[in-house]
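Numbered by the working numbering, the letters in the sequence shown go through residues 1310 to 1852 in order. By construction, the Cβ of each residue, glycine as well, lies at the ideal position given by its N, Cα and C atoms. Here the structure comes first, spelled out in structure tokens, and everything after it is commentary.
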Amino acid sequence: MKGFVSSTLATLAGATVLIGTQGASVVTASLTAAATTVSPKPTTLFPAETVQLTNEVLAAVSSNVRNANISDVFHFADPYTDSTLSKKNPRSCKVMPGDVSWPKNLLWNTLDTLLGKRLIKTVPLAAYCYPEWPEYDADKCANITSQWAVSNLHMDDPVSIMLPRYEGRTCMAPGYNYTKTCGHTAGGGHSPLSSMYGMAADQVLAMEANGRFITASSTENSDIFWMLRGGGGSTIGVVTSLIVKALPRLPTTTVTFNFTINDAPNVDAFWKGIEAYFVNFEDFINAGTYGYYYVGASATEIGTDDAGSTDYYFRMHSVVAPNMTIAETKALLAPWYNVLDSLNITYTPCHDAWAVASPKEYVGAAAVKTTSRLMPRSVFQDDTLRQRTYAAHKDAIEKGIIGLFVAGFHISGTGIAVAPPNDTSVLPALLAHVIVGIKWPNNATWETVRNASLAVTSWTNVLRDIAPESGAYMSEADLIEPNLQEAFYGANYPALYALKQKYDPTGLFFALTAVGAEDWEVRTTDPLPYSWNNNGRLCPVTS
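The following block contains the structure:
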């Protein structure tokens, strides 16, 4: 089969390639790209997007090959007819590196040439640190190790992700990987301007998607457009670019400060200072501001805490007040400041630049797991529910599991400066986004990791009980979230699932929490059955 497919690709490009059934011998290769350059629509396509596989190209392939069994391999799967889909193989386990049917390097190189040298051969970022790997380089390893917790290192690499626990806590196996980048916008996307202008998905005017290369907008392929605006990234196609709204530049005030238990006269005063924040939550959001906070044990930075410390802290990473002066921002926060002052809590708010209000965060950690819950406006309009939400924060730190911490946002999913859109699939319930995390030692046993993972998932039931009709933000959520389809997609899920089956009936695209994930299972071999673990073979769920 390998030689058969390789010879097919060579024929498409007019190449001279001789390859045995085991891919053993190569005489010469003179390949040209099979894709063609199309005329771009005015101002809508980037140069790289004008190089496309088209129906005309595939018609030429069929003419050259003159064998439908071969040429059909390269046809677009048409969601509107069964003419090509009926000839595809039924769902089966995905091929992995090391399998007999995994393509040899020659085939990858051939495909790369046909695509105009656009195929990325991914090498794990940490490969430089493994002596048994050909990429091993002690100097590069030292540099990577020193920068591992810096977000830029991972952002600049096409393979790496911010939290390596989601790729098995180690260097991935060599090969080609297509599913490493997740989507801020396609997952909804919150930001410091959300309370003013809504979610990131609300700003998208059009998307380019699919191997056939289409444009999705409110008037063209509108069902795909709806799904991609909040229904999960790359669930039914590959988005190559977005057209988004350009919003006016606004003067913005930011505020950052923190206080610890040592800055308060006693522990009760410390917690009352935090409670006052929740009392004013809705007023802050109604003014269009955004807040990002941490509550935990130990005043050191997240990622370096000693689990079990009783040195409690509250850290306001940033309050962002768009289109507000410093005086207006101080006036808005005054009711909270007045309570802090009356409690004799020492704090020093800094009203400064964005770089101060939003420092780079700690990334690259494999010894932490988070869960989350979206808290709707109704929680903060009900004194009892608001009090329970505050108490949940307090109990998580004082009475919860060792290593637990809470991070959160006061944020609105609909902006005060714009009318809410009606053509996105973003889960609508949002006024607060609360994240609960747990840490464990880097040398923890599998049993410790498993127990911690299950414990934080279970503990978050406190928040689920407060807001049972709400959900969770999929980009910062628990991969073993109970009833994840309801939690991540809510009432939109049936429609999203139908679109998934329409546009990706063979299940080409997969993620553990994506639409249609329930049709597949990762058959893991690691001793951690309840986790984010995706080290294993991906196979259809059997009845």
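field: Beta-carbon contacts of Thr1834 that lie in its chain and below 8 Å, excluding the five residues immediately before and after
entry: Correct list, in chain order: Asn1844, Gly1845.
message: Could you check whether the stretch 1800 to 1820 touches the stretch 1539 to 1549, counting it as contact only if at least three pairs of C-beta atoms, one from each stretch, sit closer than 8 Å?
response: yes
query: Going by beta carbon distance, what residues of the same chain come within less than 6 Å of Gln1794, once the five residues before and after it are set aside?
result: Tyr1802
- prompt: Under 8 Å between the Cβ atoms of Val1765 and Lys1678?
  reply: yes
query: Near Phe1593, what residues of its chain come up, given a Cβ to Cβ distance below 6 Å and the 5 sequence neighbours on each side ignored?
result: Setting aside the 5 residues that flank it on each side, Phe1593 is surrounded in the same chain by His1719, each with a C-beta closer than 6 Å to its C-beta; the list follows chain order.
- prompt: So what's Arg1521 in DSSP terms, helix, strand or just coil?
  reply: Coil at Arg1521, not helix or strand.
query: If you drop the 5 nearest sequence neighbours on each side, which residues of the same chain put their C-beta closer than 6 Å to that of Thr1561?
result: Pro1631
message: Cutting at 7 Å between CB atoms, please list the residues of its own chain near Lys1703, excluding the five before and the five after it.
response: Trp1580
field: DSSP three-state assignment for Ala1451, whether helix, strand or coil
entry: helix
Span separating the alpha-carbon of Ile1552 from that of Thr1524: Between Ile1552 and Thr1524, the C-alpha separation is close to 10 Å.
query: So which of Asp1787, Pro1750, Ala1781 has the shortest CA-CA distance to Leu1763?
result: Answer by Cα proximity: Asp1787.
Three-state secondary structure assigned by DSSP to Met1505: In this prediction, Met1505 scores a pLDDT of 44, lower than 50, which makes its location untrustworthy; the coordinate-derived value is nonetheless stated afterwards. Of the three classes helix, strand and coil, the one that applies to Met1505 here is helix, per DSSP.
- request: Could you pull the start and end residues of the alpha helix (DSSP H) that Tyr1699 belongs to?
  value: Its alpha helix (DSSP H) spans residues 1692 to 1707.
query: Which partner residues of His1859 appear in the DSSP bridge assignment?
result: In the structure as shown, the chain starts at 1310 and stops at 1852, and residue 1859 therefore has no counterpart that could be examined.
query: Which residues bound the alpha helix (DSSP H) around Arg1268?
result: As displayed, the chain neither begins before 1310 nor continues past 1852, which places residue 1268 out of reach and without an answer.
- prompt: In whole angstroms, what is the alpha-carbon distance linking Asn1595 and Glu1778?
  reply: 22 Å
- prompt: Nearest to Pro1433 by CA position, among Met1684, Ile1747, Val1548, Ile1453, is which residue?
  reply: Ile1453
message: Using a 10 Å radius around the Cβ and a threshold of 16 neighbouring Cβ atoms, would you call Lys1449 buried or exposed?
response: exposed
task: Return the Cβ separation of Pro1658 and Asn1589 in integer angstroms, given the expectation that the two are a contact with Cβ distance under 8 Å.
output: Their Cβ separation, rounded to whole angstroms, is 14 Å, which puts Pro1658 and Asn1589 out of contact at 8 Å.
query: For the candidate residues Asn1571, Met1633, Asp1572, whose alpha-carbon lies nearest to that of Glu1558?
result: The sequence given here places Arg at residue 1558; Glu does not occur at that position. Residue Met1633 is the option with its Cα nearest to Arg1558.
- prompt: Could you give the distance in angstroms between the alpha-carbon of Glu1591 and the alpha-carbon of Asp1813?
  reply: 41 Å
Rounded straight-line distance, which links the Cα of Ile1775 to that of Thr1698: 7 Å
- prompt: Is Pro1356 helix, strand or coil by DSSP?
  reply: helix
task: With distances taken Cα to Cα, identify the nearest neighbour of Asn1364 among Phe1522, Asn1575, Asn1760.
output: Phe1522
When Asp1650, Pro1750, Pro1685 are compared against Val1741, the one with the closest alpha-carbon: Checking the sequence shown, residue 1741 turns out to be Ala, not Val. When only C-alpha atoms are compared, the closest one is Pro1685.
field: At least three beta-carbon pairs within less than 8 Å, the stretch 1646 to 1658 to the stretch 1566 to 1578
entry: Yes: the two stretches touch, three or more of their Cβ pairs being nearer than 8 Å.
- prompt: What residue does the beta strand (DSSP E) around Lys1678 start on, and which one ends it?
  reply: 1677 to 1684
task: Check Leu1641 in the structure and name its three-state DSSP category.
output: helix
- prompt: Apart from the five residues just before and just after Cys1480, which ones in its own chain have a Cβ nearer than 7 Å to its Cβ?
  reply: Residue confidence for Cys1480 is low, a pLDDT of 39 falling below 50, so the modelled location carries little weight; the figure read from the coordinates is stated next. Here the set comprises Pro1433, Ala1435, Ala1436, Tyr1439.
message: Among the candidates Thr1822, Gly1816, Ala1823, whose CA atom is the shortest distance from the CA of Cys1402?
response: Gly1816
message: Once DSSP output is grouped into helix, strand and coil, what is the label at Arg1846?
response: strand
task: Answer with buried or exposed for Thr1488, where buried requires no fewer than 16 other C-beta atoms within 10 angstroms of its C-beta.
output: In this predicted model, Thr1488 has a pLDDT of only 33, less than 50, meaning its place in the structure is not dependable; the value taken from the coordinates is given anyway. With fewer than 16 Cβ atoms within 10 Å of its Cβ, Thr1488 is classed as exposed.
query: Rounded to whole angstroms, how far is the Cβ of Trp1768 from the Cβ of Val1745, which I believe are closer than 8 Å?
result: Beta-carbon to beta-carbon, Trp1768 and Val1745 are separated by about 7 Å, close enough to satisfy the 8 Å threshold.
field: CB contact flag (Leu1808, Ile1545, <8 Å)
entry: yes
field: Gly1780 in three-state terms, based on DSSP
entry: Taken through DSSP and simplified to helix, strand or coil, Gly1780 comes out as coil.
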